[in-house]
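Trainee: Take this structure, written in C-alpha cells, and hold onto it; I'll ask about it next.
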C-alpha cells in the first residue's frame, strides 16, 4: 500500500524532466538529484495528494511556466492578460516558493497546494517578481524541472527604479509612516548611490547571467514591459506563440481607460482593470539626477543587449 501511495504521488507531483542542456557539471547534477529527493520525501510524508484531485477531472500540479520577474516590470498586468486565455490556469497570489526559505523547506507538495486546479490541456502558471533577482532561485527551479519555460518582463531600468520607490512610498503612506524622498535614496555624498537596492534590481545583465547558467535563452521569453503598457496585444501574441498556445486572445480584449490612463481588459462582455495601486504617478525628479541615472545604466544595458541578442528602447540605450 505504501509503495502504491508513493508511486501515485510521484505521478502527480513530478513532471517529466528532459534536460535542456548540460547547464551544470556532474557534481552539481548529483546535488540537484539530492535536492529533488529531499523535496519529494517531504511530499510523500504529507500523504495529502488526494486533496489535489477534483471530481471534475482537474488537479493541482506543478507549474509548467513561471513569470520570474522583474519587480515593477508589469508582472501582474502580464498575468492578468494571459489569464484571458482558456488554456492558462494561473495562481492568483505571488507564491515566493523558491526565494523564501520558510516556503521552500515545505517541499513540493506545499508548492502544488498553492496552484489552481487545472485540466491536462492547460498550462499552470505562477508569478513571483523577486525570482529574477534572487541568486538561489535559478538553480532551485532547474532542480525541480530542467525544461521549465520562463517569462521575464522588463521595463526601462530608470523607470523601474522610480516605480520601485513609488510602491514602497505609498505602502508607507497607507500605514501613516514617514518615508524619505527619492533623492535621499538616489544621492549619497553628492554622487549617485549605486548601493540603492532599487538600482541593483535594474542591473538586468547581472541577474540574467545567473539564469543563463541553468536555462538556455530559448526557454526564456522576454516581454517588453514598456510596449505592453502602450499596446498590449502584440506583446501577448508573442507570448502565445512562445508557449505554443492557440491564438485565443484578441485586440478586442483590450480597451484604453482614459480615466486610469492605461489599458484594461474585456472578457466575455465583462470589463475589469488592474488594482488602483497600479499606474501610480512617479515622483518628480530633478532632470540632472535623471540624466545621471540614465548614464549609469548605459553600459549595463549594453551588456544586457549583447547577452540576449536584442535591444530595447530605453533612455540609457541612446546615451553617448
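Residue numbers (mature numbering (1 follows the signal peptide of the UniProt record, and there is no 0)): -20 to -1, 1 to 300.
A virtual CB, placed ideally from N, CA and C, is assigned to each residue, including glycine.
Here the structure is a predicted model, which means the values were calculated and not measured.
#1: What is the DSSP secondary structure of residue 70, reduced to helix, strand or coil?
#2: If you follow the alpha helix (DSSP H) that residue 205 is in, where does it begin and where does it stop?
#3: Across which residues does DSSP place residue 235 in a beta bridge pair?
#4: Does the separation of the CB atoms of residue 59 and residue 92 fall below 9 Å?
#5: Use the C-beta contact count for residue 247: other C-beta atoms within 10 angstroms, 16 or more gives buried, fewer gives exposed.
#6: Nearest CA to the CA of residue 231: which residue from 148, 238, 244, 221?
#7: Do you know how far the Cα of residue 68 is from the Cα of residue 34?
#8: Which term fits residue 153, buried or exposed, when burial requires 16 or more other beta carbons within 10 angstroms of its beta carbon?
#9: Under a Cβ-count criterion, where at least 16 other Cβ atoms within 10 Å of its own Cβ denotes burial, should residue 274 be classed as buried or exposed?
#10: What residues are listed by DSSP as bridge partners for residue 250?
#11: Please classify residue 8: does DSSP put it in a helix, a strand, or coil?
#12: Are the beta-carbon atoms of residue 222 and residue 201 separated by less than 9 Å?
#13: When DSSP builds the beta bridges, which residues end up paired with residue 98?
#14: Name, in chain order, the residues that DSSP records as bridge partners for residue 116.
#15: With C-beta atoms as the reference, is residue 45 less than 9 Å away from residue 124?
#16: Assuming residue 54 and residue 208 form a contact by the criterion Cβ under 8 Å, report the distance between their Cβ atoms to the nearest whole angstrom.
#17: Alpha carbon to alpha carbon, how far is residue 139 from residue 36?
#18: According to DSSP, simplified to helix, strand and coil, what is residue 229?
#19: Quick one: grab the DSSP three-state call for residue 105.
#20: For residue 40, count the other beta carbons within 10 Å of its own beta carbon; 16 or more makes it buried, fewer makes it exposed. Which is it?
#21: Can you give me the C-alpha to C-alpha distance between residue 203 and residue 281, rounded to a whole angstrom?
#22: Assuming residue 56 and residue 129 make a contact with CB atoms under 8 Å, what is their CB distance in whole Å?
#23: Between the C-alpha atoms of residue 264 and residue 127, what's the straight-line distance to the nearest angstrom?
#24: What do you get for residue 187, buried or exposed, if any count of 16 or more other CB atoms within 10 angstroms of its CB means buried?
#25: Evaluate residue 261 with the Cβ neighbour count: other Cβ atoms within 10 Å of its Cβ, from every protein chain shown; 16 or more gives buried, anything less gives exposed.
#26: Please state the DSSP three-state secondary structure of residue 285.
#27: Buried or exposed: where does residue 73 fall if 16 or more other Cβ atoms within 10 Å of its Cβ makes it buried?
#28: Whole angstroms are fine: how far does the CA of residue 159 sit from the CA of residue 179?
#29: Where does residue 286 land, buried or exposed, given buried means 16+ other C-beta within 10 angstroms?
Mentor: Judging by the given coordinates:
#1: strand
#2: 205 to 210
#3: 244
#4: no
#5: exposed
#6: 244
#7: 17 Å
#8: exposed
#9: buried
#10: 247
#11: With a pLDDT of only 41 at residue 8, under 50, the local geometry of the prediction cannot be trusted, and the value read off the model is given with reservation. Helix.
#12: yes
#13: 39
#14: Residue 116 pairs with nothing; no bridge assigned.
#15: no
#16: 5 Å
#17: 45 Å
#18: coil
#19: strand
#20: buried
#21: 16 Å
#22: Not confirmed; about 19 Å, so no contact.
#23: 44 Å
#24: buried
#25: exposed
#26: helix
#27: exposed
#28: 18 Å
#29: exposed
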